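The UniProt record's numbering numbers the first residue of the sequence shown as 1 and each following residue consecutively.
A virtual CB, placed ideally from N, CA and C, is assigned to each residue, including glycine.
These figures come from a predicted structure and were not determined experimentally.
Only one structure is covered here, and it is reproduced in the block below.
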Amino acid sequence: MPLTDLVQHLNNQHNSLPAGRFTARFRSSGDGQVFAHFANLALESVFLPITAMPSHRIHGHAAALRVYGLTTGNPVSADAVFVLPVDDQEFVYVDRLVRTLHALSYLARPLRGTLLLKVNRRHVMSVPTDHGLAFEEILRSCGLTPQQITLELDADGLDDVDHFARAVTAYRQRGYGIALSGFGRSSIDLSLVRALQPDIVKFDLLLLVSTRPLEGLIDEIHDVGAKVAIEGPNDIQWQPFAGNTRADLFQPRQPVERWVSSSQRHPGGATAALLGKKFHSC
1 MPLTDLVQHL
11 NNQHNSLPAG
21 RFTARFRSSG
31 DGQVFAHFAN
41 LALESVFLPI
51 TAMPSHRIHG
61 HAAALRVYGL
71 TTGNPVSADA
81 VFVLPVDDQE
91 FVYVDRLVRT
101 LHALSYLARP
111 LRGTLLLKVN
121 RRHVMSVPTD
131 HGLAFEEILR
141 SCGLTPQQIT
151 LELDADGLDD
161 VDHFARAVTA
171 YRQRGYGIAL
181 SGFGRSSIDL
191 SLVRALQPDI
201 VKFDLLLLVS
211 TRPLEGLIDE
221 IHDVGAKVAI
231 EGPNDIQWQP
241 FAGNTRADLF
251 QPRQPVERWV
261 SSSQRHPGGA
271 TAALLGKKFH
281 SC
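The structure is reproduced here in structure tokens:
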């Protein structure tokens, strides 16, 4: 299906959802980029390479969110998008919207490997059953399958481990890969890792900068059959560190967006300055 037709199809799907106060529209540019316009914000995907250590081969890409104000053209924290919903229904809508944007953007770019997508903890805990079903239907309309997706779930400090475990089981049964993030942020729970059997365990930055030896932890996670991922602020500085710890995967952190002064904005308006694209209005 051509990208513009797919964007139109997904716009129709989203308009039929109970979105509460919010509605969103996907836009595709002339060069194949995809954006979402939502609550006076422009959302776009950023893909961060995940490299296998020590070969430095591409394992896949982690999707991150870049957000700008439509009227100002200035960067906004991606977390601000998730502050807007006032109830669980709106939150699930927004979280799924972001992952749909990432799936569309992934299709439009010549990327290789697994696509790593974050699922917000509130989404996981708000959905009672059938985790991953609605997103699977969206993926299939894009020509993707759950087997191409690894879902990143924050497993630190869980209040309801049983619900979280049921969600992980449901995701896995549908074919999604599972990555647990936040490992070592407030605790080191190897029993949870053994119970959930993830594909990837992401070490938290607080664990990485602590004095705790990592080699034994990595060995225990490898014994479960999972890979260890390290996310660092600078790939030049941190890739050697990742290799020295015998971690399996390295992912750079998303760069911080800089504020754009009014004198730097395009005279044609904030939206033109931000995107510089001719959009197909769908």
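Helix, strand or coil for S141, going by three-state DSSP, please let me know.
-> As a working note, residue 141 is residue 141 in the sequence shown. Of the three classes helix, strand and coil, the one that applies to S141 here is helix, per DSSP.
What does P75 pair with, by DSSP beta-bridge criteria?
-> Here residue 75 refers to the residue found at position 75 when the sequence shown is read from its first residue. DSSP lists Y68 as partners of P75.
Could you please give the first and the last residue of the uninterrupted alpha helix (DSSP H) stretch that includes G216?
-> Counting from one through the sequence shown, the residue named residue 216 turns up at place 216. Start and end: E215 to V224.
C-alpha distance - L70 paired with L104, whole-angstrom precision = If you number the sequence shown from 1, residue 70 lands on position 70. If you number the sequence shown from 1, residue 104 lands on position 104. L70 and L104: Cα-Cα distance of roughly 20 Å.
Using a C-beta cutoff of 8 Å, does A62 count as contacting chain B?
-> No chain B is present in this structure, which holds just one protein chain.
Hey, L43 and A62: beta-carbon distance below 8 Å or not?
-> As a working note, residue 43 is residue 43 in the sequence shown. As a working note, residue 62 is residue 62 in the sequence shown. Their beta carbons are not under 8 Å apart, which means L43 does not touch A62 by this criterion.
Residues of its chain near A64, where Cβ-Cβ distance is below 8 Å and the 5 sequence neighbours each way are ignored | Position 64 of the sequence shown holds residue 64. Only S45, V46, F47, L48, A78 and Q254 meet the Cβ criterion.
Based on the DSSP secondary-structure assignment, which residues constitute the bridge partners of R27?
-> Start at 1 with the first residue of the sequence shown, and residue 27 comes out as number 27. Paired residue(s): F35.
DSSP puts V228 in a beta bridge; with which residues?
-> Against the sequence shown, residue 228 aligns to sequence position 228. Beta-bridge pairing links V228 to V201.
Alpha carbon to alpha carbon, how far is P85 from N40?
-> Walking along the sequence shown from the start, residue 85 turns up at place 85. Walking along the sequence shown from the start, residue 40 turns up at place 40. Rounded to whole angstroms, the separation of the alpha carbons of N40 and P85 is 14 Å.
Proximal residues to residue 304 (C-beta, below 7 Å), its chain only, five neighbours per side dropped | Any answer about residue 304 is impossible in this case: the structure gives the chain only from 1 up to 282.
For A170, does the three-state DSSP call read helix, strand or coil?
-> Within the sequence shown, residue 170 is the residue found at index 170, counting from 1. In the structure shown, A170 sits in a helix (DSSP, three-state: H, G or I).
What are the boundary residues of the alpha helix (DSSP H) that includes F91?
-> Walking along the sequence shown from the start, residue 91 turns up at place 91. It spans D88 to L107 - the alpha helix (DSSP H) in which F91 sits, taken as one unbroken run.
Could you spell out the range, first to last residue, of the alpha helix (DSSP H) harbouring A195?
-> Within the sequence shown, residue 195 is the residue found at index 195, counting from 1. That run of the alpha helix (DSSP H) goes L190 to L196.
For Q251, three-class secondary structure by DSSP | On the sequence shown, residue 251 is found 251 positions in, with the first residue counted as 1. Strand, per DSSP.
Specify the secondary structure class of S261 as computed by DSSP and reduced to three states.
-> As a working mapping, residue 261 is identified with position 261 in the sequence shown. Low per-residue confidence applies at S261: pLDDT is 41, beneath 50, and the placement is therefore not dependable enough to give any value.
Along the chain, where does the alpha helix (DSSP H) that runs through H126 open and close?
-> Counting from one through the sequence shown, the residue named residue 126 turns up at place 126. Checking the displayed sequence, the identity of residue 126 turns out to be Ser instead of His. Note, S126: alpha helix (DSSP H), R121 to S126.
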